[in-house]
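Heads up, the thing below is written out as structure tokens.
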Amino acid sequence: MEAFLRYWMLWPSVERFLKAYAWAWPLMEVLHFVGLCLLIGIVGMFDLRLLGFAKGIPVPTLRKLLPWGVFGFVLCAVSGLAFVTGIGANISIHPYVVLVNDVWLQWKLVFIVLAGLNLLAFHMTGASDAVEAVGAGQDAPRLAKVIAGASLFLWLGVMYFGRLIPWGQFGE
Amino acid sequence: MSFLDWLDNTSFVIWIRESTSVFAYPTIIAFHTFSLVLLVGLSCAVALRTLGVARDVPLPPLDRFFRLMWIGFWISAVSGVLLLASDVRGFLDNPVFYVKLASIAVGVFMVWMLRRLVFREAAEPGRRPISSAGKTVAAGVLVTWLVALTVGRVLAYDRFIQWQTAGATLVLAIVMLVAGFVGARALRATPAAAAPRTAR
Numbered sequence: 011m012e013a014f015l016r017y018w019m020l021w022p023s024v025e026r027f028l029k030a031y032a033w034a035w036p037l038m039e040v041l042h043f044v045g046l047c048l049l050i051g052i053v054g055m056f057d058l059r060l061l062g063f064a065k066g067i068p069v070p071t072l073r074k075l076l077p078w079g080v081f082g083f084v085l086c087a088v089s090g091l092a093f094v095t096g097i098g099a100n101i102s103i104h105p106y107v108v109l110v111n112d113v114w115l116q117w118k119l120v121f122i123v124l125a126g127l128n129l130l131a132f133h134m135t136g137a138s139d140a141v142e143a144v145g146a147g148q149d150a151p152r153l154a155k156v157i158a159g160a161s162l163f164l165w166l167g168v169m170y171f172g173r174l175i176p177w178g179q180f181g182e
Numbered sequence: 066m067s068f069l070d071w072l073d074n075t076s077f078v079i080w081i082r083e084s085t086s087v088f089a090y091p092t093i094i095a096f097h098t099f100s101l102v103l104l105v106g107l108s109c110a111v112a113l114r115t116l117g118v119a120r121d122v123p124l125p126p127l128d129r130f131f132r133l134m135w136i137g138f139w140i141s142a143v144s145g146v147l148l149l150a151s152d153v154r155g156f157l158d159n160p161v162f163y164v165k166l167a168s169i170a171v172g173v174f175m176v177w178m179l180r181r182l183v184f185r186e187a188a189e190p191g192r193r194p195i196s197s198a199g200k201t202v203a204a205g206v207l208v209t210w211l212v213a214l215t216v217g218r219v220l221a222y223d224r225f226i227q228w229q230t231a232g233a234t235l236v237l238a239i240v241m242l243v244a245g246f247v248g249a250r251a252l253r254a255t256p257a258a259a260a261p262r263t264a265r
């Protein structure tokens, strides 16, 4: 397992790219923050509506904004992968060593997986289809509300732990 | 003893600066990020709606999100002041810090204008299309926040990298914008993609 992760977590081409251009790392930071604003701003807006905030909005109409949240996720995923696989451009350490030592990175990854499972639950339990019928002024079903609340909590957690990563323990 | 000397040596500021607890500096900066989502994330979502994304979303109930944006602004301001206090000379000696403050001021003004122009219009019955002034301000919201975010991120780097990053961000933003427009147009031109749109 260790050999596998040590091999796949370090992308020398990304590291070289980040090292070669002084603007590359800060550009990735900008993309990560633009992405998180779009992702959590728009997903959060959707979750809040399901929880009953701004009830005048029919839920199906708000769905059309979600592709921009997905775009935000892509920006975060691409830049986040660059931070991990190319960490060597910033400090001389192997990403695997950071992964096994930095508890905040570990928590962040756990929360991202949980947010993904939560999204899966939203679609698999039929909550996603059920909210299609939630018009202006109507309440979402209880299950959809629980999933929306979990989504808000999990994404806030992802942000919190993500912010703490630089203060975590990097080496042994 | 000057005000800055006094501030530097208050026990609270020393705690923010020197404590190894995650509840000191790291948690304050995390709140700065939460509030970024409230102010910038939500106002960008509303700006996108104004520009025609998800155009079926009615504007009047969307107005409620402005309250959350202002809450975000105040959390940002308080956490920002605490972060500033942790290294007050470092920030005040850095000219880029003033560029950040100025772009935030413009951004907040843009959000305020967006509400005035678009949501006051929306409240008048029978006025469905959003005025071009409203759309211009919505685009202004997006551009200003991108500038503020970029400036905020590069604050810690040296001047050369700051300019390079600003240039790289600008180039990438233009490339993405052009690719997005061309892509959207190409999708719309495909009959297969247009069919479900007309069927609804």
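Residue numbers (the numbering used here), protein chains in the order written: chain P, 11 to 182; chain W, 66 to 265.
Positions of the beta carbon are idealized from the N, C-alpha and C atoms, including for glycine.
- Under the 8 Å Cβ criterion, the segment 19-36 of chain P does not count as touching the segment 49-63 of chain P, having fewer than three qualifying pairs.
- Sequence-distant partners of P:Val94 (beyond 5 residues in either direction) whose C-beta falls short of 6 Å from its own C-beta, in its chain, are Pro105.
- Chain W has a Cβ within less than 8 Å of the Cβ of P:Ala64.
- P:Lys74 has a beta carbon lying within less than 8 Å of a beta carbon in chain W.
- By the criterion of a C-beta distance shorter than 7 Å, W:Leu211 is surrounded in its chain by Ala238, once the five residues flanking it on both sides are discounted.
- The beta carbon of P:Ile157 sits closer than 7 Å to those of Asn128, Ala131, Phe132, Ala137, all from its chain and outside the five residues before and after it, given in chain order.
- A Cβ-Cβ contact shorter than 8 Å links P:Ala125 with P:Ser161.
- Residues Lys165 of the same chain have their beta carbon placed closer than 8 Å to that of W:Gly217, with the five preceding and five following residues left out of the count.
- At least one CB of chain W lies nearer than 8 Å to the CB of P:Arg173.
- Taking 8 Å as the CB threshold, P:Met19 stays off the interface with chain W.
- In the structure shown, the three-state DSSP call for W:Pro194 is coil.
- The CB of W:Phe68 never comes closer than 8 Å to any CB in chain P; the least such distance is about 29 Å.
- In the same chain as P:Gly79, and ignoring 5 residues on each side of it, the C-beta atoms closer than 7 Å to its own belong to Leu48, Leu49, Ile52, Val53, in chain order.
- Within the segment 117-146 of chain P, contact with chain W at the beta-carbon level (separation under 8 Å) is assigned to Ala146.
- With distances taken between CA atoms, W:Ala89 lies nearest to W:Ile81 out of W:Ala95, W:Phe96, W:Ile81.
- Here the alpha carbons of P:Tyr170 and P:Leu91 stand approximately 18 Å from one another.
- At a C-beta separation below 7 Å, P:Glu39 has these neighbours in chain W: Arg218.
- Contact between W:Arg129 and P:Phe63 holds: their C-beta atoms lie close to 7 Å from each other, under 8 Å.
- For W:Arg129, the three-state secondary structure derived from DSSP is coil.
- Ranking W:Ser86, W:Arg250, W:Pro126, W:Ala233 by CA distance to the CA of P:Pro36 puts W:Ala233 first.
- Distance from the CA of W:Phe174 to the CA of W:Ser144, rounded to the nearest whole angstrom, comes to 20 Å.
- Burial check for P:Ile97: the Cβ neighbour count within 10 Å reaches 16 or more, so the residue is buried.
- Straight through space, the alpha carbons of W:Arg224 and W:Leu207 are spaced by roughly 25 Å.
- Taken in chain order, the complete alpha helix (DSSP H) segments of 4 residues or longer contained in the segment 29-79 of chain P are 34-61, 69-72.
- Residue contact with chain P for W:Ala167: absent (no Cβ-Cβ distance below 8 Å to any residue of chain P).
- Under the Cβ criterion (8 Å, minimum of three pairs), the segment 110-123 of chain P counts as touching the segment 173-182 of chain P.
- DSSP places P:Val144 outside both helix and strand once states are collapsed to three, so it counts as coil.
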